[in-house]
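Reviewing the structure listed below.
Protein chains in written order, with my numbering: chain W, 1 to 157; chain X, 158 to 322; chain Y, 323 to 482.
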């Protein structure tokens with residue numbers, strides 16, 4: 001009678017399988033962590049760009065305001081409104097409303113932002129001056145809200 | 158004779174050693190990835206908080222009526238440094254939790270002001286920036302790192318905007 | 323006797339290797355849970371940062387878009403302050419109320435001076451706390467709190 005001995009090694013390859021599994025899990029967690037953090041950083045950068053753009057156009061609006069203030073400061077108290085309008089219209093972007101004493105201008109930014117400024121031109125015994133009626137931020141181009149027809153699958157007959 | 162199940166100890170030991178080596182190599186790479194992710198998140202947090210601080214200080218300056226009020230606000234809240242040519246830089250320091258702290262200088266918010274004399278007032282050019290004194294670990298950059306910066310202008314009319322005030 | 327020694331040696335090696343397997347298995351589980359905890363922390367930080375950033379950006383944009391005469395006011399609403407933006411469309415007057423309620427910032431668009439319940443508003447973003455204060459006529463302070471992180475934003479108006 002022949003003796004048949006079969007030896008099978010127990011647990012062979014088990015450690016490598018565990019290692020591969022652990023390394024795979026860690027890789028997934030590391031990749032998820034990095035993409036999560038990086039996406040948040042990108043959003044924070046976008047928010048920073050928008051704020052930067054706002055303050056940049058705010059600065060340009062202030063600069064225009066200073067030019068308007070200089071013209072009003074130099075204007076003689078006896079000057080007519082027509083004369084003042086003529087001088088102020090020389091500033092780029094400045095326009096007058098239907099009401100003669102309301103001046104408007106806009107400053108555009110890079111991120112679809114604009115600041116619209118409305119000034120009331122007033123005068124007293126000392127001379128002409130401005131009063132800020134509005135200084136508001138808005139979009140240059142509004143999003144397109146028109147309904148678009150979408151082809152919907154109507155099923156089979 | 159029964160079939161025997163035996164343990165080939167030499168192969169198992171080599172297997173374990175190999176696994177440990179693979180573990181060690183992969184572990185170092187993964188730890189690096191985790192550290193980069195952690196500090197990337199800290200960078201994003203810092204941008205948000207620095208942005209709120211910088212915007213707040215600029216909005217406070219915007220709400221003031223005269224340059225005297227502006228300089229008074231800056232002198233009360235910031236440390237003044239002469240950067241030459243009669244120009245000043247105003248700096249305040251924060252610790253790692255963004256609490257104002259002049260001893261533990263982890264972050265610095267600096268305001269640089271220059272002015273253009275206009276006929277009817279002063280047009281102030283204001284640059285506010287936040288910097289980290291030391292670079293973020295695991296993210297290779299040297300020197301101070303700028304976190305956030307805005308530049309804008311504020312016009313202070315000589316008469317406060319409305320005659321008689 | 324030789325066989326017995328062999329059996330003893332075999333048992334010792336077997337136990338040693340099994341012990342190593344066990345240590346590797348335990349260390350693997352520990353490392354995976356460490357990785358999971360790091361990911362959880364990063365995710366929580368991201369949520370906190372998102373809540374703070376979005377709440378302050380939202381209010382800043384709303385205020386900056388409404389910087390017109392008599393457009394903006396602060397009023398008490400059920401014990402806390404709310405921002406009210408007055409607008410007019412087609413000769414009708416409307417108000418947008420922005421307030422904090424039940425762990426979130428809400429926005430409510432309604433006819434002028436009409437009453438509403440706090441839960442009627444639209445949830446904008448979640449926050450642990452949100453406070454609105456008027457510092458002076460043209461300066462407002464907004465405080466957002468999320469998971470014990472506090473962020474403050476001052477906003478000024480030109481039309482007030």
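Think of the CB as a built atom: it goes at the ideal place given N, C-alpha and C, for glycine as much as any other residue. Small disclaimer: the values here were computed from a predicted structure and weren't measured.
### Task
Could you tell me which uninterrupted alpha helix (DSSP H) segments, each at least 4 residues in length, are contained entirely in the segment 186 to 250 of chain X, listed from first to last along the chain?
Entirely contained in the segment 186 to 250 of chain X, the alpha helix (DSSP H) runs reaching 4 residues are, in chain order, 224 to 234.
### Query
What is the rounded straight-line gap between the Cα of residue 361 of chain Y and the Cα of residue 192 of chain X?
If you number the third chain from 1, residue 361 of chain Y lands on position 39. If you number the second chain from 1, residue 192 of chain X lands on position 35. In this structure, the CA atom of residue 361 of chain Y is about 11 Å from the CA atom of residue 192 of chain X.
### Query
Straight-line CA distance for residue 84 of chain W to residue 103 of chain W?
Indexing the first chain from 1 puts residue 84 of chain W at position 84. Indexing the first chain from 1 puts residue 103 of chain W at position 103. So the alpha carbons of these two residues sit roughly 11 Å apart.
### Task
Have a look at residue 430 of chain Y and residue 381 of chain Y and give me their C-alpha separation to the nearest angstrom.
Taking the first residue of the third chain as 1, we reach residue 430 of chain Y at position 108. Taking the first residue of the third chain as 1, we reach residue 381 of chain Y at position 59. About 14 Å.
#### Entry: Burial state of residue 441 of chain Y (16 or more Cβ within 10 Å)
Walking along the third chain from the start, residue 441 of chain Y turns up at place 119. Residue 441 of chain Y counts as exposed, since fewer than 16 other beta carbons sit within 10 angstroms of its beta carbon.
### Task
Using a Cβ-Cβ cut-off of less than 7 Å, list which residues of the segment 211 to 231 of chain X approach chain Y; keep chain order.
The residues in question are 212, 213, 216, 217, 219 and 220.
### Message
Using the Cβ count rule (16 or more neighbours within 10 Å means buried), how would you classify residue 415 of chain Y?
### Response
If you number the third chain from 1, residue 415 of chain Y lands on position 93. Under this definition residue 415 of chain Y is an exposed residue.
#### Entry: CA nearest to the CA of residue 445 of chain Y, picked from Y:421, Y:432, Y:354 and Y:467
In the third chain, residue 445 of chain Y corresponds to position 123, counting from 1. Between residue 445 of chain Y and the set Y:421, Y:432, Y:354 and Y:467, the nearest pair of CA atoms involves Y:421.
### Task
To the nearest angstrom, report how far apart residue 353 of chain Y and residue 190 of chain X are at their CA atoms.
Position 31 of the third chain holds residue 353 of chain Y. Position 33 of the second chain holds residue 190 of chain X. The straight-line gap separating the alpha-carbon atoms of residue 353 of chain Y and residue 190 of chain X is approximately 14 Å.
### Query
Can you tell me whether DSSP reads residue 480 of chain Y as helix, strand or coil?
As a working mapping, residue 480 of chain Y is identified with position 158 in the third chain. Three-state DSSP puts residue 480 of chain Y in coil, outside helix and strand.
### Query
The beta strand (DSSP E) with residue 129 of chain W in it runs from where to where?
One-based indexing of the first chain puts residue 129 of chain W at position 129. Residue 129 of chain W -> beta strand (DSSP E) spans 127 to 139.
### Message
Can you list, in chain order, the residues of its chain with a C-beta nearer than 8 Å to that of residue 154 of chain W? Leave out the 5 residues immediately preceding and following it.
### Response
Along the first chain, one-based indexing puts residue 154 of chain W at 154. Counting only Cβ-Cβ distances below 8 Å, and skipping sequence neighbours, we find nothing.
### Task
Using a Cβ cut-off of 8 Å, pull out every chain X residue sitting near residue 62 of chain W, in sequence order please.
By one-based count along the first chain, residue 62 of chain W stands at place 62. Simply 280, 309, 310, 311 and 312.
### Task
Verify the CB distance criterion: does residue 237 of chain X have a CB-CB separation below 7 Å to chain W?
What you label residue 237 of chain X is simply residue 80 of the second chain in a count that begins at 1. For residue 237 of chain X, the answer is no, since every Cβ of chain W falls outside 7 Å of its Cβ.
### Query
Helix or strand or just coil, what does DSSP make of residue 91 of chain W?
As a working note, residue 91 of chain W is residue 91 in the first chain. Looking at residue 91 of chain W - three-state DSSP - the assignment turns out to be coil, as it is neither helix nor strand.
### Query
Is residue 309 of chain X closer than 7 Å to residue 58 of chain W when the C-beta atoms are compared?
On the first chain, position 58 is the one that residue 58 of chain W refers to. On the second chain, position 152 is the one that residue 309 of chain X refers to. Yes.
### Task
Please work out which residues of its chain come closer than 6 Å, Cβ to Cβ, to residue 207 of chain X, disregarding the five sequence neighbours upstream and downstream, and give them in chain order.
As a first step, residue 207 of chain X is located in the second chain; it is residue number 50 there, counting from the start. For residue 207 of chain X, where only same-chain residues beyond five positions count, the Cβ hits under 6 Å are 287, 304 and 305.
### Task
Using alpha carbons as the reference points, say which of Y:397, Y:454 and Y:462 lies closest to residue 479 of chain Y.
Position 157 of the third chain holds residue 479 of chain Y. For residue 479 of chain Y, the nearest C-alpha among the options comes from Y:462.
### Task
Using the Cα positions of residue 435 of chain Y and residue 68 of chain W, report the straight-line distance between them to the nearest angstrom.
Numbered from 1 along the third chain, position 113 holds the residue referred to as residue 435 of chain Y. Numbered from 1 along the first chain, position 68 holds the residue referred to as residue 68 of chain W. Going by C-alpha positions, residue 435 of chain Y is about 38 Å away from residue 68 of chain W.
### Message
Check whether chain Y comes within 7 Å of residue 75 of chain W, counting only Cβ atoms and requiring the distance to be less than that.
### Response
Taking the first chain and counting its residues from 1, one reaches residue 75 of chain W at position 75. Not one beta carbon of chain Y lies nearer than 7 Å to the beta carbon of residue 75 of chain W.
### Length of the line joining the Cα atoms of residue 15 of chain W and residue 31 of chain W
In the first chain, counting from the first residue as 1, residue 15 of chain W sits at position 15. In the first chain, counting from the first residue as 1, residue 31 of chain W sits at position 31. Per the coordinates, the alpha-carbon of residue 15 of chain W lies some 24 Å from the alpha-carbon of residue 31 of chain W.
### Query
So, does the CB of residue 40 of chain W fall closer than 7 Å to a CB anywhere in chain Y?
Position 40 of the first chain holds residue 40 of chain W. Chain Y has a Cβ within less than 7 Å of the Cβ of residue 40 of chain W.
### Query
With C-beta atoms as the reference, is residue 140 of chain W less than 7 Å away from residue 114 of chain W?
Position 140 of the first chain, counted from the start, is the residue given in the question as residue 140 of chain W. Position 114 of the first chain, counted from the start, is the residue given in the question as residue 114 of chain W. Yes.
### Query
Does the beta carbon of residue 472 of chain Y sit closer than 7 Å to a beta carbon anywhere in chain W?
Within the third chain, the letter at position 150 stands for residue 472 of chain Y. Judged by the 7 Å Cβ criterion, residue 472 of chain Y is not in contact with chain W.
### Task
Apply the 10 Å Cβ neighbour rule to residue 214 of chain X and answer buried if 16 or more other Cβ atoms are within range, or exposed otherwise.
Start at 1 with the first residue of the second chain, and residue 214 of chain X comes out as number 57. It counts as buried.
### Query
Would you call residue 260 of chain X buried or exposed, if buried means 16 or more other Cβ atoms sit within 10 Å of its Cβ?
Within the second chain, the letter at position 103 stands for residue 260 of chain X. The residue is exposed, with fewer than 16 neighbouring Cβ atoms inside 10 Å.
### Task
Just confirm the distance between the C-beta atoms of residue 121 of chain W and residue 481 of chain Y, as a whole number of angstroms; I'd bet it's less than 8 Å.
Residue numbering aside, residue 121 of chain W sits at position 121 when the first chain is read from its first letter. Residue numbering aside, residue 481 of chain Y sits at position 159 when the third chain is read from its first letter. Incorrect: roughly 16 Å between the Cβ atoms, too far for contact.
#### Entry: Contiguous beta strand (DSSP E) assignments of at least 3 residues, all confined to the segment 388 to 436 of chain Y
With a minimum length of 3 residues, the continuous beta strand (DSSP E) runs that stay inside the segment 388 to 436 of chain Y are 394 to 399, 402 to 411, 414 to 423 and 426 to 433.
### Message
If the cut-off is 8 Å on Cβ atoms, which residues from the segment 346 to 362 of chain Y count as contacting chain W, listed in chain order?
### Response
Correct list: 346, 347, 350, 353, 354, 357, 358, 360 and 361.
### Message
Given this structure, state the Cα-to-Cα distance separating residue 160 of chain W from residue 291 of chain X, to the nearest angstrom.
### Response
Nothing can be reported for residue 160 of chain W: it is not among the residues displayed for chain W, which extend from 1 to 157.
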